[in-house]
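Okay, so here's the structure we're looking at.
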Amino acid sequence: MKKIKLLILSIFLLNINFIFVNAAEVKGAADIYKVKMHKLELCTGHTTGDMDDVATSTTQCQGAVTIGSSAAGVEVDIASVSAGAVAGSFGDAMVLPLGETYTHVRVTLNRNMKLRTAAGIDTGEGSDVNNCMTIATTDGMYVTDEATDKYTHKPVVAENGNSGVSEEMSLYIYNGQQVGDNQNTFSLCQNASCGSVSASGWNYAAVASELTSAVAMQTMRSSVSTDQLSLIYALESPYTVALISPQIDMSFSTSQGIMAKEEVSNSFCSFAITEPTVTITIK
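If you count by mature numbering (1 follows the signal peptide of the UniProt record, and there is no 0), then the sequence shown holds residues -23 to -1, 1 to 260, one letter each, in order.
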């Protein structure tokens, strides 16, 4: 009996295209970067299709075989693992047929991720907003509460964190649209208690060339009711199932894992998730 462990962390790359206008945004290090994994599938092939259909398409992930699944999700802090280290495994692929070759993976993640700035981030606009630090998320940062507004509202926070201390903060994959669409898709809070808001647009990739590493990413529109996000990646090289378990070499870095942006006339900070740097080799 063969037992193949595939590391879900090894293929995690978040590729989100944001549109920000008339303000500075700067990437910084995250020393906490928690992601929750729900499903991992191997694909025998991939054909380009509509980004709205990534989660369910049988042509974008051909011959899909699920090797890891968790309804509750498995949470892992990828920032806690040094480059080159093995971070853990998700799923045992004993059902993979010998001799079958897989070229792609489809991973399903939770739309909530928890990050902490390693240090204050200077947005680069003089002395206006030069020390953006994440703070613990509370219901008071939203119009109604976090559970109700998590995909429809984006909080802002004052500089300097919690008395100069960064805290773990819940960030979300907000409601958006594809590049080329020009609608308002979420509300940007105008103060720390979200007492007022402004309408803003959030754009995701429409085609693969607009992504950094993934070949497909599900568009998180307001019509999507799920708390999960699906992405498809090409393996560094095709993997053919054999009796011998594969050696998996992985490294990743979250040195630019979070992005800060100045908001509301350069008086508040907002934060966005950016992708970690990941390298994966299966042999």
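Where a beta carbon is used, it is the ideal one built from N, C-alpha and C, also for glycine.
Assuming residue i is part of the beta strand (DSSP E), what are its boundary residues?
{"i": "E18", "result": "7 to 20"}
{"i": "A176", "result": "174 to 177"}
{"i": "G50", "result": "42 to 54"}
{"i": "P215", "result": "205 to 217"}
{"i": "V106", "result": "Neither: V106 is in no beta strand (DSSP E) and is coded neither H nor E."}
{"i": "N89", "result": "89 to 94"}
{"i": "S247", "result": "245 to 250"}
{"i": "Y151", "result": "No beta strand (DSSP E) holds Y151; DSSP gives it neither H nor E."}
{"i": "M236", "result": "235 to 240"}
Taking the alpha helix (DSSP H) that residue i falls in, what are its first and last residues?
{"i": "Y125", "result": "Checking the sequence, you will find Thr at residue 125 rather than Tyr. 123 to 126 is the span of the alpha helix (DSSP H), which, as asked, contains T125."}
Measure how close the beta-carbons of residue i and residue j come, nearest whole angstrom, since I'm counting them as under 8 Å.
{"i": "residue 315", "j": "N152", "result": "Lying outside -23 to 260, the shown extent of the chain, residue 315 is not represented and no answer is given."}
{"i": "M194", "j": "V31", "result": "6 Å"}
{"i": "K4", "j": "T100", "result": "Incorrect: roughly 11 Å between the Cβ atoms, too far for contact."}
{"i": "Y216", "j": "Y79", "result": "5 Å"}
To the nearest angstrom, report how far apart residue i and residue j are at their CA atoms.
{"i": "V106", "j": "A135", "result": "9 Å"}
{"i": "S173", "j": "D116", "result": "15 Å"}
{"i": "Y119", "j": "M28", "result": "29 Å"}
{"i": "T33", "j": "L208", "result": "11 Å"}
{"i": "A113", "j": "L148", "result": "10 Å"}
{"i": "H15", "j": "I55", "result": "15 Å"}
{"i": "V156", "j": "F248", "result": "21 Å"}
{"i": "I(-16)", "j": "V84", "result": "Confidence at I(-16) is low in this model, with a pLDDT of 46, below 50, so the placement of that residue should be treated as unreliable; the coordinate-derived value is given next. The alpha-carbon atoms of I(-16) and V84 are separated by roughly 8 Å."}
{"i": "W179", "j": "S186", "result": "18 Å"}
{"i": "M110", "j": "Q233", "result": "14 Å"}
Please state whether DSSP places residue i in a helix, a strand or coil.
{"i": "S164", "result": "strand"}
{"i": "A32", "result": "coil"}
{"i": "D158", "result": "strand"}
{"i": "residue 277", "result": "Nothing can be reported for residue 277: it is not among the residues displayed for the chain, which extend from -23 to 260."}
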